[in-house]
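So the sequence lines, in the order shown, correspond to chains A and B.
Sequential numbering from 1 applies to the first sequence in our numbering.
Sequential numbering from 1 applies to the second sequence in our numbering.
Glycine included, every Cβ here is placed at the ideal spot set by N, Cα and C.
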Amino acid sequence: MNAALELQGVHKSFDGNPALVDAFFSAAWGEVHALLGENGAGKSSLMNMVCGLYAPDTGSIKIDGRAVTVDGPLAARGLGVGMVHQHFKLVATMSVAENILLGHGKGGWRRSLRSVRGEIAGIGARIGFTIDPDARIDTLSVSEQQRVEIIKAMIGGAKILILDEPTAVLTDDESAGLLTQLRLFAQSGACIVLITHKLREVFSHADRVTVMRGGQTVDAGRKPSDFTPEKLSALMVGEARVYQIGEHLPPGQVRLELKQLSARRDNGAVALDRLNLQLRGGQVYGLAGVGGNGQAELAEVLMGIRAPKSGVLELEGGPVPPASSGRLRRHGVAHVPAERYLYGLAGDLTVMENFVITHLKDGRFGAWGWTDRRAFERETDAAIAAHNIQGARAATRARLLSGGNAQKLVLARELSGEPGVLVAHSPTRGLDVRACAAVHRALREASRAGTAVLLISEDLDEVLSVADRIGVINRGRIVREYDAPADRQEIGRFMVGHA
Amino acid sequence: MTRRSWLRSTRLALEVRQRIPPLHRAAFILGALIVGLAICVAILVGRGVGLASIYEEFIAFTFFKASGVSTVIVQSTPLVLAGLSASLAFRVNYWNIGIEGQLFMGVIGATLVAIFDVGPESIRLVLMLVAAIVLGAAWALPPALLKVRLNVSEVISTLLFSYIAFYFVLNQVYGPWQDPKDKFPHSEQYDAIERLPPIGWEQVHYGIVVALAAVAVVWWLVERSRFGIQSRFVGTSPRMALAIGLPVGAIVASSAVLSGGMAGAAGFVIATATEFRLTPAMAAGYGFSGIVIAFLAGNRPFATLIVACLMGGLYVAGESMKVFYSLPDALVGLIQAIVVLSVTASEFFVRYRLRLAHYRGA
Numbered sequence: 001m002n003a004a005l006e007l008q009g010v011h012k013s014f015d016g017n018p019a020l021v022d023a024f025f026s027a028a029w030g031e032v033h034a035l036l037g038e039n040g041a042g043k044s045s046l047m048n049m050v051c052g053l054y055a056p057d058t059g060s061i062k063i064d065g066r067a068v069t070v071d072g073p074l075a076a077r078g079l080g081v082g083m084v085h086q087h088f089k090l091v092a093t094m095s096v097a098e099n100i101l102l103g104h105g106k107g108g109w110r111r112s113l114r115s116v117r118g119e120i121a122g123i124g125a126r127i128g129f130t131i132d133p134d135a136r137i138d139t140l141s142v143s144e145q146q147r148v149e150i151i152k153a154m155i156g157g158a159k160i161l162i163l164d165e166p167t168a169v170l171t172d173d174e175s176a177g178l179l180t181q182l183r184l185f186a187q188s189g190a191c192i193v194l195i196t197h198k199l200r201e202v203f204s205h206a207d208r209v210t211v212m213r214g215g216q217t218v219d220a221g222r223k224p225s226d227f228t229p230e231k232l233s234a235l236m237v238g239e240a241r242v243y244q245i246g247e248h249l250p251p252g253q254v255r256l257e258l259k260q261l262s263a264r265r266d267n268g269a270v271a272l273d274r275l276n277l278q279l280r281g282g283q284v285y286g287l288a289g290v291g292g293n294g295q296a297e298l299a300e301v302l303m304g305i306r307a308p309k310s311g312v313l314e315l316e317g318g319p320v321p322p323a324s325s326g327r328l329r330r331h332g333v334a335h336v337p338a339e340r341y342l343y344g345l346a347g348d349l350t351v352m353e354n355f356v357i358t359h360l361k362d363g364r365f366g367a368w369g370w371t372d373r374r375a376f377e378r379e380t381d382a383a384i385a386a387h388n389i390q391g392a393r394a395a396t397r398a399r400l401l402s403g404g405n406a407q408k409l410v411l412a413r414e415l416s417g418e419p420g421v422l423v424a425h426s427p428t429r430g431l432d433v434r435a436c437a438a439v440h441r442a443l444r445e446a447s448r449a450g451t452a453v454l455l456i457s458e459d460l461d462e463v464l465s466v467a468d469r470i471g472v473i474n475r476g477r478i479v480r481e482y483d484a485p486a487d488r489q490e491i492g493r494f495m496v497g498h499a
Numbered sequence: 001m002t003r004r005s006w007l008r009s010t011r012l013a014l015e016v017r018q019r020i021p022p023l024h025r026a027a028f029i030l031g032a033l034i035v036g037l038a039i040c041v042a043i044l045v046g047r048g049v050g051l052a053s054i055y056e057e058f059i060a061f062t063f064f065k066a067s068g069v070s071t072v073i074v075q076s077t078p079l080v081l082a083g084l085s086a087s088l089a090f091r092v093n094y095w096n097i098g099i100e101g102q103l104f105m106g107v108i109g110a111t112l113v114a115i116f117d118v119g120p121e122s123i124r125l126v127l128m129l130v131a132a133i134v135l136g137a138a139w140a141l142p143p144a145l146l147k148v149r150l151n152v153s154e155v156i157s158t159l160l161f162s163y164i165a166f167y168f169v170l171n172q173v174y175g176p177w178q179d180p181k182d183k184f185p186h187s188e189q190y191d192a193i194e195r196l197p198p199i200g201w202e203q204v205h206y207g208i209v210v211a212l213a214a215v216a217v218v219w220w221l222v223e224r225s226r227f228g229i230q231s232r233f234v235g236t237s238p239r240m241a242l243a244i245g246l247p248v249g250a251i252v253a254s255s256a257v258l259s260g261g262m263a264g265a266a267g268f269v270i271a272t273a274t275e276f277r278l279t280p281a282m283a284a285g286y287g288f289s290g291i292v293i294a295f296l297a298g299n300r301p302f303a304t305l306i307v308a309c310l311m312g313g314l315y316v317a318g319e320s321m322k323v324f325y326s327l328p329d330a331l332v333g334l335i336q337a338i339v340v341l342s343v344t345a346s347e348f349f350v351r352y353r354l355r356l357a358h359y360r361g362a
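Shown next, in the form of structure tokens:
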């Protein structure tokens with residue numbers, strides 16, 4: 001019998017940065033095949049080739065033994081490949097049936113809504129989903145929206161269904177239900193590729209597993225029962241290569257403390273679960289964890305734009321009322337947010353405006369009624385020089401800066417007031433090596449100057465090389481804390497929740 | 001791989017321009033203006049108007065003769081204020097559709113002071129201006145609070161507040177404030193002391209001082225005060241403004257209130273320089289004109305001044321068209337709309353570059 005899906009010798013680079021190096025993969029009909037790896041290991045990139053979003057630089061794709069060219073999502077559908085992405089592709093204001101009709105492209109207009117309703121019911125009955133075809137998408141929960149995506153792929157004729165981290169947004173019960181249903185679908189002869197970083201799911205629901213790391217396939221097609229959890233997580237995170245920069249100072253006083261802090265996601269699911277955290281002056285606290293375990297919500301609580309459900313946020317020993325971004329900032333909490341152009345910079349405004357906006361009241365920039373434009377320019381030019389922000393002048397629009405230089409601008413602004421606390425969330429995501437080093441150096445220097453730095457990162461190497469103290473976040477709780485240097489393998493096991 | 005035909009492999013592509021030099025922008029706007037005017041000329045010629053008389057009677061009369069220019073200035077003065085009013089709200093993304101209502105409330109304030117002869121005569125006009133600004137601002141406050149506190153759409157609430165103001169005006173002019181002399185539905189005429197005096201050149205009155213002062217104040221507010229730079233962040237990146245701790249609600253609400261106050265000042269100028277009383281028709285059109293002016297001027301105060309004068313010129317030219325050629329109102333409106341639309345459309349070419357793209361298969 002032919003393999004359902006087979007990829008060989010796949011190379012792909014973006015802007016000269018290799019994302020996939022000689023990657024390979026093979027999954028059979030009738031199985032749930034787990035594709036395991038850290039964030040950025042290349043799992044999604046590899047599967048995006050199969051569903052026609054990327055074209056491989058070199059390498060071959062075979063479906064049911066036949067070599068194919070997938071030059072777009074329509075072609076992928078024609079080949080019987082469906083993918084459920086992490087971010088659903090649904091129109092929020094339209095009904096389930098309308099979305100499915102819309103997703104059918106060629107010839108889709110011929111089907112009446114009624115026949116689509118019938119198909120939804122039929123597929124629902126087959127694999128145990130129930131979904132109201134006339135419900136509007138924005139009235140559905142996240143798990144229901146995911147079902148719509150799965151049904152959409154199946155009505156499109158998918159025999160190979162790829163799911164990218166499908167359980168990241170689900171509760172435990174919902175996850176178990178989904179995985180059981182996928183299993184049923186596989187047993188009916190389909191092929192399910194489950195992209196995941198959760199060992200638990202691999203052991204409980206996958207027939208076979210392929211592990212990727214750093215764009216390469218490191219282990220392919222063995223049964224989960226051939227591994228111990230330790231072995232599998234070691235394969236996933238790789239061998240230790242810790243390069244610590246600088247030395248550790250004795251920690252200073254506690255500047256910011258979270259006590260029993262709980263918060264929910266927008267959809268009501270628990271994001272932070274009675275989390276305790278202490279940030280001390282002169283220390284970089286690295287919070288390691290796989291994305292989606294509450295890091296974004298933690299950063300939002302610390303920015304003052306998400307109200308915690310319960311618990312206390314204390315700053316310099318005194319409690320701060322919830323969701324008060326102005327007060328947090330006045331008390332010296334600075335931020336390098338993950339979404340740079342959403343929370344960090346106003347892309348349509350100038351470098352100068354973006355630099356001065358948080359410092360208008362600190363005396364350097366004139367009075368309320370007459371701001372000092374010369375001081376604006378002088379200080380901005382000084383910051384551009386000091387932080388080596390290339391391609392920037394005071395009057396340049398911030399959106400024109402490259403990723404690394406935009407991040408340097410954010411850092412220049414946030415560090416300029418000598419903050420008591422600096423929260424940096426994935427500060428090097430998408431940056432090149434030199435920009436990464438500059439960001440790491442800036443974080444270290446800030447902490448040596450007495451700032452309490454919280455580095456939230458999904459990149460374990462980054463945490464290990466920059467942090468003085470390391471916490472591991474998993475499902476909204478800090479499950480382990482270490483003083484650096486810490487054991488990479490052990491952290492990896494706690495990150496994936498299997499220790 | 002299948003070969004694509006040339007037709008299928010070539011298409012028009014839109015590219016966002018990374019940098020937009022000011023000269024470039026000006027050239028496109030000028031070009032669009034010329035295209036729009038050319039269309040208008042073609043329409044007029046089609047109606048039997050000679051080319052030479054188009055130049056003489058519209059352009060020369062409106063923009064080069066003293067009486068024409070002064071008419072344009074008088075016409076433009078309240079437009080400047082209405083444009084500033086709209087721009088103050090729009091720059092924080094607050095869609096104040098209720099400028100006409102706030103303008104009416106401004107007139108109510110001025111008329112209140114005039115009817116009850118509040119304060120000494122020497123400062124009566126100043127009191128009328130203050131009353132107009134305060135009432136206009138007060139009328140803008142409830143929708144602003146609804147927006148900030150309860151996230152009620154200001155598009156709906158300001159519009160409905162306009163209707164309330166309009167019917168309140170009708171109530172006054174058919175009721176307590178009806179002119180006892182002629183029993184028409186308007187208020188008594190203001191006394192001489194309650195009218196804006198002429199500055200001594202043609203028909204131009206001191207409203208021009210009010211308008212120029214307003215431009216200067218708004219320039220200071222948006223370009224020099226701390227509030228100006230903060231509100232720019234609220235307008236362009238509201239989520240960032242919130243995250244860095246700016247008082248977003250207070251900035252939006254105060255911008256809306258300032259917008260209302262400016263509309264009130266526009267009402268004051270119309271009432272004290274043109275109508276000399278409260279009438280139910282005096283606000284008509286100023287709200288939407290203000291919106292168009294603010295949009296074309298990109299919410300910049302000096303540009304607002306210039307655009308408002310051009311709009312005033314269009315009105316005056318339109319009026320003389322009606323007089324000289326007895327062209328129907330609809331045609332005059334059509335010509336004004338064509339000019340405004342073509343300038344508005346030029347923004348598209350300022351922002352994007354149109355290019356033939358060749359599609360290369362994977």
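Here's the rule I'm using: 16 or more other beta-carbon atoms within 10 Å means buried, otherwise exposed. How should residue i be labelled?
i	result
PRO250 (chain A)	exposed
GLU6 (chain A)	buried
ALA97 (chain A)	buried
VAL45 (chain B)	exposed
ARG493 (chain A)	buried
THR304 (chain B)	buried
THR196 (chain A)	buried
Within its chain, find whatever has a CB closer than 7 Å to the CB of residue i; leave out the 5 residues flanking it on each side and keep chain order.
i	result
PHE233 (chain B)	MET240, ALA241, LEU246
PHE324 (chain B)	GLU57
ALA307 (chain A)	PRO322, ALA323
VAL242 (chain A)	For VAL242 (chain A), the predicted model reports a pLDDT of 48, less than 50, meaning its position is unreliable; a value from the coordinates is still stated below. Same-chain partners within the cutoff: LEU464, SER465, PRO485, ARG488.
VAL248 (chain B)	VAL234, PRO238, ALA241, LEU242
Contact check, residue i vs residue j under 8 Å by CB: the rounded distance?
i	j	result
ALA82 (chain B)	VAL252 (chain B)	The pair is not a contact, with the Cβ atoms about 20 Å apart (cut-off 8 Å).
LEU196 (chain B)	HIS186 (chain B)	Actually they are not in contact, since the Cβ atoms of LEU196 (chain B) and HIS186 (chain B) sit about 18 Å apart, beyond 8 Å.
VAL84 (chain A)	PRO166 (chain A)	6 Å
ARG413 (chain A)	ASN354 (chain A)	7 Å
PRO377 (chain A)	ARG364 (chain A)	Looking at the sequence itself, residue 377 (chain A) is Glu, so the reference to Pro does not match. Not confirmed; about 12 Å, so no contact.
ALA137 (chain B)	GLY333 (chain B)	At roughly 32 Å, the Cβ-Cβ gap does not stay under 8 Å, so ALA137 (chain B) and GLY333 (chain B) are not in contact.
HIS33 (chain A)	ARG208 (chain A)	5 Å
VAL421 (chain A)	LEU256 (chain A)	5 Å
ILE218 (chain B)	LEU84 (chain B)	The residue you asked about is not Ile; residue 218 (chain B) is Val in the sequence shown. With a Cβ gap of about 5 Å, VAL218 (chain B) and LEU84 (chain B) count as contacting.
GLY287 (chain B)	GLU100 (chain B)	4 Å
LEU278 (chain B)	VAL155 (chain B)	Rounded, the Cβ-Cβ distance is 27 Å, inconsistent with contact.
Could you say which of the options lies nearest to residue i if we only look at CA atoms?
i	options	result
HIS387 (chain A)	A:GLU377, A:GLN407, A:ALA153	A:GLN407
GLN390 (chain A)	A:ALA367, A:VAL351, A:SER416, A:HIS425	A:VAL351
VAL113 (chain B)	B:LEU141, B:ARG25, B:TYR190, B:SER225	B:TYR190
ILE306 (chain B)	B:ILE293, B:LEU51, B:LEU341	B:ILE293
ALA273 (chain B)	B:LEU103, B:VAL74, B:SER231, B:THR62	B:VAL74
ALA19 (chain A)	A:ALA3, A:ALA168, A:LYS43	A:LYS43
GLU314 (chain A)	A:GLY177, A:VAL410, A:ARG393, A:GLN253	A:GLN253
GLY238 (chain A)	A:CYS436, A:VAL218, A:GLU247	A:VAL218
Report the neighbours of residue i on chain E: residues whose CB is nearer than 7 Å to its CB, in chain order.
i	result
PRO247 (chain B)	Going by chain labels, chain E is absent from the structure shown, which instead holds the protein chains A and B.
To which residues of the same chain is residue i closer than 8 Å at the C-beta, ignoring the five residues directly before and after it?
i	result
PRO73 (chain A)	CYS51, GLY52, LEU53
In chain order, what residues of the same chain have a beta carbon less than 6 Å from the beta carbon of residue i, not counting five sequence neighbours either side?
i	result
ALA486 (chain A)	ILE470
GLU188 (chain B)	ASP179
Subject >> Interface residues of the region 362–374 of chain A facing chain B [CB-CB below 9 Å] >> reply: PHE365, GLY366, ALA367, TRP368, GLY369, TRP370, THR371, ARG373
**OP:** Name, going along the chain, the residues of the region 142–170 of chain B whose beta-carbon falls closer than 9 Å to a beta-carbon of chain A.
**Re:** none
**OP:** Taking a Cβ distance cut-off of 9 Å, strictly less, list which residues of the region 325–358 of chain B are near chain A, in chain order.
**Re:** none
Original post:
Closer than 7 Å, Cβ to any Cβ of chain A: which residues of the region 46–78 of chain B, in chain order?
Top reply: none
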